[in-house]
Structure formats: C-alpha cells, structure tokens
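What follows is a set of notes on a single structure, which appears directly below.
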Amino acid sequence: MGKHVCIIGSGIIGLTAAYYLKRAGHQVTVLDQQSAADGCSTGNAGMIVPSHIIPLAAPGMVAQFVRWMFDSKSPFYVRPRMNMELLQWGYQFYRHATRQHVSQSIPALKAISLYSKAAYQELQQAPPFDFGYHERGLLMLYQTAATEHEETETAAVANQHGVAAEILSATAVQAMEPNHQVKVRGGVYFPGDAHLNPAMLWQGLYEWLTKQQVNIRQDAAVRSFETDNKGVKAIITDQDDIRPDEVVIAAGAWTGAIVRGLGVPLPMQAGKGYSFMMSMQPNLNVPSLLLESRVAVTPMGESLRMGGTMEIAGVNHTINMKRVQGIVEAVPRYYPDIRPALPDVKTVWHGLRPCSPDGLPYVGRLNRCHNVTVAAGHGMMGLSLAPGTGKLVTSIIQEETPAIDLQPFNPNRYA
Ligand SMILES: Cc1cc2nc3c(=O)[nH]c(=O)nc-3n(C[C@H](O)[C@H](O)[C@H](O)COP(=O)(O)OP(=O)(O)OC[C@H]3O[C@@H](n4cnc5c(N)ncnc54)[C@H](O)[C@@H]3O)c2cc1C
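Going by the numbering used here, the first residue of the sequence shown is number 434, and it counts up by one from there.
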C-alpha cells in the first residue's frame, strides 16, 4: 500500500524524488511557491560531474575567496552583512576547509555522483522524453602555470580514487575542438562526465508526472507545520492544509528557513549564479570549465550556454551586470573566435544554488520529525546528483537500506 508523500519544492531534486516515488507506487503531491520552470534547476550549465569529488570547502578556498572579494568582475562575492545565519555558515565553511574534511568527503561524493550518473543512464531509457543527454566528458582548461599545478594535483587525486582524468597538452585540447580555436596552456579531461539540457529534463519530468496524476501545485507556498511528538501532522500553505504520511523538503536555497521552522538548525546560503545563451554553429564538442575565470561553457543543441559566478548575498534576485560582463570577457580569452555580446539584462538567467557550508548535501530523515526527509544543499552539483537523490529519498521513505552510505549527508549534523 503506497503512502501519501508531499514534496516541498518542484526544482530538479523535488521532481526526481516525485518520479521515483510515483514509480514505486506512492501517491505524490508537489508544492511550490511559484513555477520552478525558470528557477535554479533549468538555466544551469547542464554538466553531470562525477569528476567533482572535492567539496567546495577545501584548503586554500578561504584565501582565494578573500582575493576575489575585491574584484567587481570576479566569480565569487559575499555581500558583507550582520546576519547570524551568514556568520554561522561562514564559520562552518572555514572550519571544514581542511585536508581531513576533503579526504573524508571524497568517497561520499564519489559514491553519490556515480550512483546518480547510473540513474541518468537508466532514465534516458525509461520515460518517453529526450533531455539532450550526451556522454562526451568535461574539459578543465587552464592558462597559467599556477592553475596547471593545482589542476594536475586534482587530476592525480581523481585517478587515485578511480575517477579517470587525463592531462592534455594545448595541442591535444585543440584536437578535441577542430571547429574553434582554443587558447590554453593545457587541460585535464574527465571522460566520465556528461552533459544535458536541464530545461528539457525539468519539462519532461513535469509533463510525465502530470500525466501520471501527480498533483504539482505552483501556487502553494508552505508557511508552517502542525506537529506532534511523531512528526509533521499538517503542512500549512497559503491555500490550505495538507495531511500527508511523509514530507520531503526539497526547497533548494530556502530549505534552511523551512527546516528551522521545525526546530532543527540546517545552515544554508543561496549562491547566486548567472547564465546566458548564444547560438553557435558548429558548436563545441565538449563542455568546459575555464578555470581561472570559473566560467562554465556547455554546448546545448545549436546554442552555447555560458554561466558562472557565486554571489552569497541572501535570497535576492538582482542581476549584477558587472559579473555578467566578467563571464562575457572570459570566453574569448580561451576561445578567441567565440565572442559573446553583453546580453540584455532581461535575457540573463539567474539561479540560487542551495549551498551547505561543508559542501555536502543534506539527504536523510530529521531525528526530531520522523516523517520528514530533507533532500537539499547540493550546491554546484544539484543537477548531477538529482536522480541519485530521488532514488535515495524513495529508499528512505520505503524503509529500505539505501544503495549508498547516507551518514555523511545526515541533515541532523549541525543539530
Ligand atoms: C549558474 C549555475 C550553473 C550551474 N551548473 C550546474 C551544473 O552544470 N551541474 C550541476 O549539477 N549543477 C549545476 N548548478 C547547480 C544546480 O542548478 C542546483 O544545485 C539545483 O538546481 C538545485 O535544485 P533544487 O531542486 O535543490 O532547488 P531549486 O531548483 O531552487 O528548487 C527549489 C524549489 O523550492 C521552492 N520553494 C522554496 N521555498 C518554498 C516554500 N516555502 N513553499 C513552497 N515551495 C518552496 C522554490 O520556489 C523552488 O522552486 C548550477 C547552478 C547555477 C546557478
């Protein structure tokens, strides 16, 4: 007998959870405060990155962030403000930026990433929609000796952990992109990575779920909960009260505030990023990260998506065109014949990455509320980790042993 599961958030984590729960025979309702069709899950860079086994909270990152703070076009910015949640988040980030945290996190990130990539491979076969999935790897491109040194070290760590990484000369990089000039010192190629069109994936899931009678409501902001000693009895929305058997909180950057309403501390900050498109024929073959500028470049059909920046500035939707200009200027430094124009502010997409301070997502049940599962905080990897997370949430709700160890992702770890 299926349960009634109510998912808060219709981003990619909420919809993939809904997909696996529905396929497992549960009655599923999805609530959102708005349409997620142009939220964080659709305009992102579309990269599926099992290569990213090192969390953002890593040695050297704090000093790097401080350097970037003084450059208006830099890829990273924290808006200084006296806000207790930001201060706590910053302290936890600083505390976790250690070698020990990195080595503990690598096996956990590798396990969830590979599990999720395998889920994408299955998903590509299962429902009747295309989401532009290609397995062509990822190029990490560098222009300076210092970045080459850092990236070859990262490649060595990846190879030690069984994630294939190939160090390429400038000539070898150019050979992978015969249609465009590439100006680099060299690159690291991760053959196991993939890419897809995130808006096609979101839309395909949305339509499939709607056809399966999953009720996806995009006018229902969750305001509070009615609880008893077992957990959540009712979810109070703008519209009505819902009384499910199980609750999944997949509310992206807003998750910290919602979980705090249940009495559990869960540090989370929004990391704003931008992207825009440019038509491109012939297109690049392989997505790339332009390392010194932290810009992502992804071929999507006959367009190229360019994106980047991480602004920790609260949940706010202003577009900082200086940083968009930073992306525009970075691309021709690496691909001299690709010269995007500064887009009109109205065509710049932005999304709020849900960032935990230790760089690990939150996936698991809350100790204080036994019928509440959290699935959020995937930061820069939410698209990559989405179907794996959806499957793990389904195992949790069915009281089955999850396919991977969930202890590193425990949502009670700051309680
Ligand atoms: C520029 C950029 C590039 C990126 N590139 C990549 C990439 O290449 N690969 C990758 O893996 N990841 C990438 N990401 C990260 C990825 O996009 C995110 O991690 C992912 O989209 C997060 O999904 P989510 O479902 O957790 O959150 P969201 O998509 O933000 O969904 C959360 C939903 O919850 C809803 N919600 C919030 N509060 C409430 C409430 N009270 N009541 C009801 N609903 C509520 C919100 O309205 C929202 O729709 C990128 C992000 C950015 C910004």
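Ideal Cβ positions, reconstructed from N, Cα and C, are used throughout, including at glycine.
Element boundaries [alpha helix (DSSP H), containing residue i]
i: Asn648; result: Element bounds for Asn648: not the alpha helix (DSSP H) but the beta strand (DSSP E), 648-650.
i: Pro636; result: Looking at the sequence itself, residue 636 is Gln, so the reference to Pro does not match. Counting along the chain, the alpha helix (DSSP H) containing Gln636 begins and ends at 631-644.
i: Arg656; result: No alpha helix (DSSP H) holds Arg656; the beta strand (DSSP E) holding it covers 655-661.
i: Ala603; result: 603-609
i: Thr475; result: Neither: Thr475 is in no alpha helix (DSSP H) and is coded neither H nor E.
i: Gly523; result: 517-529
i: Glu556; result: Note that residue 556 is Leu in the sequence shown, not Glu. From DSSP, the alpha helix (DSSP H) with Leu556 extends over 532-558.
i: Val499; result: 494-501
i: Leu448; result: 445-456
Anticipated Cβ contact below 8 Å, residue i with residue j, distance rounded
i: Gly823; j: Tyr527; result: In fact, because the Cβ distance is near 32 Å, the residues do not count as touching under 8 Å.
i: Glu584; j: Val621; result: 5 Å
i: Gly797; j: Pro844; result: 5 Å
i: Gly815; j: Cys788; result: That pair is no contact at about 10 Å.
i: Phe658; j: Leu699; result: Actually they do not touch by this definition, with Cβ atoms about 14 Å apart.
i: Val764; j: Arg569; result: With 8 Å as the limit, Val764 and Arg569 do not qualify as a contact, their Cβ atoms being about 19 Å apart.
i: Ile481; j: Leu629; result: 7 Å
i: Ala490; j: Ala530; result: 5 Å
i: Trp635; j: Phe562; result: Trp635 to Phe562, Cβ: 11 Å. No contact.
i: Met743; j: Gly565; result: The pair is not a contact, with the Cβ atoms about 25 Å apart (cut-off 8 Å).
i: Ser484; j: Asp626; result: 5 Å
i: Leu722; j: Met494; result: With 8 Å as the limit, Leu722 and Met494 do not qualify as a contact, their Cβ atoms being about 16 Å apart.
i: Ala588; j: Ile600; result: 6 Å
i: Thr834; j: Leu638; result: Wrong, their Cβ atoms sit about 26 Å apart, outside the cutoff.
i: Arg676; j: Lys666; result: 6 Å
i: His660; j: Cys802; result: This sequence places Thr at residue 660; His is not what is there. The Cβ separation is near 6 Å, so the contact holds.
i: Glu725; j: Gln576; result: 6 Å
i: Tyr707; j: Arg756; result: 7 Å
i: Leu542; j: Pro488; result: 7 Å
i: Leu869; j: Leu839; result: Outside the displayed range of the chain (434 to 848) lies residue 869, so it cannot be described from this structure.
i: Ala478; j: Ala703; result: Actually they do not touch by this definition, with Cβ atoms about 17 Å apart.
Extent of the continuous beta strand (DSSP E) to which residue i belongs
i: Ile440; result: 437-441
i: Pro787; result: 782-788
i: Gln460; result: 460-464
i: Gly740; result: 736-745
i: Gly664; result: 664-670
i: Gly620; result: 619-623
i: Pro732; result: 728-733
i: Phe509; result: 509-511
i: Val615; result: Per DSSP, Val615 belongs to no beta strand (DSSP E) and is neither H nor E.
i: Leu489; result: Taken as a continuous stretch (DSSP letters only), Leu489 belongs to no beta strand (DSSP E), as it is neither H nor E.
i: Glu679; result: 679-682
i: Leu891; result: The structure shown has nothing for residue 891, since the chain only spans 434 to 848.
Within-8 Å CB hit, residue i to chain B
i: Leu634; result: Judged by its chain identifiers, the structure shown contains no chain B, having just a single protein chain.
message = Check whether the region 448-464 and the region 489-505 touch, using three or more Cβ-Cβ pairs below 8 Å as the test.
response = no
ask   = Counting Cβ pairs, one atom from each stretch, are 3 or more of them under 8 Å apart for the region 709-722 and the region 674-694?
value = No, they do not touch.
ask   = Should the region 799-813 be called in touch with the region 437-451, which here means at least 3 C-beta pairs below 8 Å?
value = yes
query = Contact between the region 651-665 and the region 465-477: three or more CB pairs below 8 Å?
reply = Taking one beta carbon from each stretch, the region 651-665 and the region 465-477 have 3 or more pairs nearer than 8 Å; the two touch.
task = Run through the region 684-712 for me and flag every whole beta strand (DSSP E) of 3 or more residues, listed as ranges in chain order.
result = 702-712
request  = Answer yes if the region 608-616 comes into contact with the region 768-778, meaning at least three C-beta pairs across the two stretches below 8 Å, and no otherwise.
outcome  = yes
query = Enumerated in chain order, which unbroken segments of the alpha helix (DSSP H) with a length of 4 residues or greater are wholly contained in the region 758-835?
reply = 815-830
ask   = Residue ranges of each alpha helix (DSSP H) run of no fewer than 4 residues wholly in the region 567-599, ordered along the chain?
value = 578-593
inquiry  = I want to know whether the region 508-527 touches the region 739-758 - three or more CB-CB distances under 8 Å.
reply    = yes
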